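Q: In our numbering, the protein residues as written are 33 to 267.
1) Identify the residues that DSSP records as bridge partners of residue 153: which are they?
2) In this structure, does DSSP put residue 121 in helix, strand or coil?
3) Residue 163: which of 75, 78 and 240 sits nearest, CA to CA?
4) Whose CA, out of 78, 103, 34 and 182, lies closest to the CA of residue 155?
5) Any contact of the region 176–196 with the region 223–230, i.e. 3+ C-beta pairs under 8 Å?
6) In angstroms, rounded to a whole number, what distance separates the CA positions of residue 161 and residue 61?
7) Exposed or buried, residue 148, counting other C-beta atoms within 10 Å across all chains shown (16 or more means buried)?
8) Are the region 171–181 and the region 191–200 in contact at 8 Å, needing three or more beta carbon pairs?
9) Could you check where the beta strand (DSSP E) with residue 139 kicks off and where it finishes?
10) Between residue 145 and residue 122, what straight-line distance do the alpha-carbon atoms span, to the nearest angstrom?
11) For residue 264, is the classification buried or exposed, using 16 other Cβ atoms within 10 angstroms of its Cβ as the cut-off for buried?
12) Just to confirm, are residue 190 and residue 169 a CB contact at a threshold of 8 Å?
13) Less than 6 Å between C-beta atoms, sequence neighbours within five positions excluded: which residues of the same chain meet that for residue 102?
14) Spatial neighbours of residue 142 within its chain, please: C-beta separation below 7 Å, excluding the five flanking residues on both sides.
15) Are the beta-carbon atoms belonging to residue 271 and residue 209 less than 8 Å from one another?
16) For residue 97, does the count of other Cβ atoms within 10 angstroms reach 16, so buried, or fall short, so exposed?
17) Have a look at 124, 99, 125 and 126 and flag the residue whose alpha-carbon is nearest the alpha-carbon of residue 115.
18) Bridge partners of residue 159, per DSSP?
19) Which residues in the same chain as residue 152 place their Cβ atom closer than 7 Å to its Cβ, once the five residues preceding and following it in sequence are excluded?
20) Starting from residue 25, trace the beta strand (DSSP E) both ways and give me its first and last residue.
Put into structure tokens, the structure is as follows:
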């Protein structure tokens with residue numbers, strides 16, 4: 033055996049010269065793989081990379097990455113080495129700022145438990161900075177994604193909201209499902225938790241409703257929706 037089975041770390045061989053080269057490469061791989069941080073996912077090598085940069089290689093890879101689909105590409109000592117990820121490996125996508133898990137084929141954002149063929153229980157949080165529109169309501173279009181089971185919505189006012197004394201956060205037919213009496217000054221916050229996680233079967237607008245006057249078109253509120261998704265098994 034010339035490499036370890038899990039992380040592909042090179043092993044020193046009997047009577048090997050220049051042992052430090054192998055040991056140093058093993059340390060460098062361990063440094064990249066023990067706490068995985070993916071710079072991104074791509075099918076071609078970036079034009080410039082720094083030592084330690086780690087990428088997920090997408091399907092149909094070409095150039096220096098040809099034939100390495102689904103593997104991890106690690107830039108070391110001016111060149112690329114490739115490691116095969118194992119089901120259940122977890123890491124962080126630096127380009128999108130989300131935790132990911134490997135299901136045997138893809139790096140799934142928020143992935144938790146997976147079946148042998150990739151059916152997964154995925155938990156995610158999606159955030160948006162919403163500029164409040166003038167009027168009695170202000171709509172965040174399609175903020176709740178289709179087929180999501182929502183635990184709740186949280187938020188914080190990041191710029192003073194004008195015109196209203198307070199506001200509610202909800203959806204059509206339930207204007208205060210995720211909060212009411214929310215302050216309009218910078219720093220005001222909401223934590224709207226549903227008593228039972230609620231399923232939404234199509235993209236759903238989140239609606240801010242003013243109370244004590246209409247919104248005047250100023251202000252920004254940062255909202256995050258927290259939800260679970262069930263992904264399909266592969267064919």
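All C-beta atoms in this analysis are idealised placements derived from N, C-alpha and C, irrespective of residue type, glycine included. These numbers come from a predicted model, not from an experiment.
A: The relevant details are as follows:
1) To locate residue 153, count along the chain shown from 1; it is residue 121. BP columns for residue 153 point to 262.
2) In the chain shown, residue 121 corresponds to position 89, counting from 1. Residue state, collapsed to three classes: coil.
3) Taking the chain shown and counting its residues from 1, one reaches residue 163 at position 131. Of 75, 78 and 240, the residue nearest in Cα terms is 240.
4) The residue you call residue 155 lines up with position 123 of the chain shown. Answer by Cα proximity: 182.
5) yes
6) One-based indexing of the chain shown puts residue 161 at position 129. One-based indexing of the chain shown puts residue 61 at position 29. If you take the alpha carbons of residue 161 and residue 61, they lie about 38 Å apart.
7) Mapped onto the chain shown, residue 148 falls at position 116. Under this definition residue 148 is an exposed residue.
8) no
9) For the purposes of this step, residue 139 is taken as residue 107 along the chain shown, with counting starting at 1. That run of the beta strand (DSSP E) goes 139–141.
10) Numbered from its first residue, the chain shown carries residue 145 at position 113. Numbered from its first residue, the chain shown carries residue 122 at position 90. Cα-Cα distance, rounded: 12 Å.
11) Position 232 of the chain shown holds residue 264. Residue 264 is exposed by the Cβ-count criterion.
12) Working through the chain shown from its first residue, we reach residue 190 at position 158. Working through the chain shown from its first residue, we reach residue 169 at position 137. No, the pair does not count as a contact, with Cβ atoms beyond the cut-off.
13) Taking the chain shown and counting its residues from 1, one reaches residue 102 at position 70. So the list is empty, once near-sequence residues are dropped.
14) One-based indexing of the chain shown puts residue 142 at position 110. Excluding positions up to five away in sequence, the list reads 130, 131, 154, 155 and 156.
15) Since the displayed the chain opens at 33 and closes at 267, residue 271 lies outside it and no answer follows.
16) The sequence position of residue 97 within the chain shown is 65, counting from 1. With 16 or more other Cβ atoms within 10 Å, it is buried.
17) Indexing the chain shown from 1 puts residue 115 at position 83. Nearest option by C-alpha distance: 99.
18) As a position in the chain shown, residue 159 is number 127, starting the count at 1. Residue 159 pairs with 256.
19) In the chain shown, residue 152 corresponds to position 120, counting from 1. Excluding sequence neighbours, residue 152 sits near 135, 140, 143, 144, 145, 146 and 263.
20) The displayed coordinates of the chain run from 33 to 267. Any statement about residue 25 would go beyond what the structure contains.
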